[in-house]
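What the sequence shown shows, in our numbering, is residues 3 to 197, in sequence order.
A quick write-up on the structure given underneath.
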Amino acid sequence: MKKNSLTLSLPEWIDDFLKQYQFPLVSNEERMRFVLKLTLQNIEKTTGGPFGAAVFERESGQLVSVGVNVVLNQGCSAAHAEMMAIMLAQQELGTHDLGIADLPEFQLVTSGKMCAMCLGSVVWSGVSEVLASAQPEDVENIVGFDEGPAPADYDQQLEKRGISIIPSFLREEGCAVLQRYVELEGVVYNPSRNS
Ligand SMILES: [Zn+2]
């Protein structure tokens, strides 16, 4: 018998981390600082790569889900922070489409602008806005991860599908978090795939 189901889990410290916060988080600054803290925690607890994300109700700032990169400890190349946050939001709300009319609009907040895979995932997810901190070139230059073949007209591809993007938001703070991963000698997986 081959495996016919799968489970992906976030690290155990997530619940305790969330208890330190009171939701909703009203401003974009609060939401991004929350995600950067979450990312820093993933780095310092050595539970995964230097990336974090969360899905919020866009207007109210109510938290729907969080995600951190758990590629190594879950043995899954798709387990990026944005993928985890989006999939968990869909589980939480019981739908594959976060864009349906009877739900509020949702915002994905991410510590780094999506890689090629997560960009696709955002497009299919139904979120209506993306707030991103570090740029793909920051991730590549500071840490050395490959962000993959994302299109040059990245932002326009999202806008074309009705998804707004606010890139480079608190970018310096996002870069400082990436820097911390380097200081702690975090693993850069798939190094041979980097060009
Ligand atoms: Zn990704």
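Built from N, CA and C at the ideal position, the CB exists for glycine as well.
What number of angstroms, rounded off, separates the C-alpha of residue i from the C-alpha of residue j?
{"i": "residue 131", "j": "residue 28", "result": "15 Å"}
{"i": "residue 136", "j": "residue 11", "result": "25 Å"}
{"i": "residue 149", "j": "residue 122", "result": "13 Å"}
{"i": "residue 197", "j": "residue 189", "result": "Here the model assigns residue 197 a pLDDT of 46, short of 50, so the residue's position is not dependable, and the following value carries that caveat. Residue 197 and residue 189: Cα-Cα distance of roughly 17 Å."}
{"i": "residue 102", "j": "residue 82", "result": "24 Å"}
{"i": "residue 153", "j": "residue 160", "result": "11 Å"}
{"i": "residue 64", "j": "residue 30", "result": "12 Å"}
{"i": "residue 48", "j": "residue 164", "result": "36 Å"}
{"i": "residue 22", "j": "residue 52", "result": "21 Å"}
{"i": "residue 185", "j": "residue 45", "result": "10 Å"}
{"i": "residue 175", "j": "residue 3", "result": "48 Å"}
{"i": "residue 147", "j": "residue 6", "result": "31 Å"}
{"i": "residue 24", "j": "residue 93", "result": "22 Å"}
{"i": "residue 104", "j": "residue 126", "result": "18 Å"}
Which first and last residues belong to the alpha helix (DSSP H) in which residue i is found?
{"i": "residue 198", "result": "Within the shown structure, residues of the chain are numbered from 3 to 197, placing residue 198 beyond reach of any answer."}
{"i": "residue 143", "result": "First-last for residue 143: undefined, no H or E at that position."}
{"i": "residue 189", "result": "From DSSP, residue 189 is part of no alpha helix (DSSP H); its letter is neither H nor E."}
{"i": "residue 37", "result": "30 to 46"}
{"i": "residue 178", "result": "173 to 185"}
{"i": "residue 160", "result": "156 to 162"}
Per DSSP, residue i is paired with what?
{"i": "residue 109", "result": "58, 131"}
{"i": "residue 70", "result": "54"}
{"i": "residue 150", "result": "Partner(s): none; residue 150 has no beta bridge."}
Indicate whether residue i and residue j have their beta-carbon atoms separated by less than 8 Å.
{"i": "residue 155", "j": "residue 167", "result": "no"}
{"i": "residue 84", "j": "residue 145", "result": "no"}
{"i": "residue 55", "j": "residue 9", "result": "no"}
{"i": "residue 91", "j": "residue 119", "result": "no"}
{"i": "residue 70", "j": "residue 191", "result": "no"}
{"i": "residue 57", "j": "residue 88", "result": "yes"}
{"i": "residue 67", "j": "residue 26", "result": "no"}
{"i": "residue 100", "j": "residue 77", "result": "no"}
Taking the beta strand (DSSP E) that residue i belongs to, which residues open and close that run?
{"i": "residue 167", "result": "166 to 168"}
Under 8 Å between C-beta atoms, does residue i make it to chain D?
{"i": "residue 87", "result": "Here there is only one protein chain, and chain D is not present."}
### Query
For the 8 Å Cβ check, are there 3 or more pairs between the region 135 to 149 and the region 95 to 109?
Segments in contact, no.
#### Entry: Touching by the beta-carbon criterion (3+ pairs, under 8 Å), the region 33 to 43 and the region 171 to 183
Taking 8 Å as the limit for Cβ pairs, the verdict is that the region 171 to 183 does touch the region 33 to 43.
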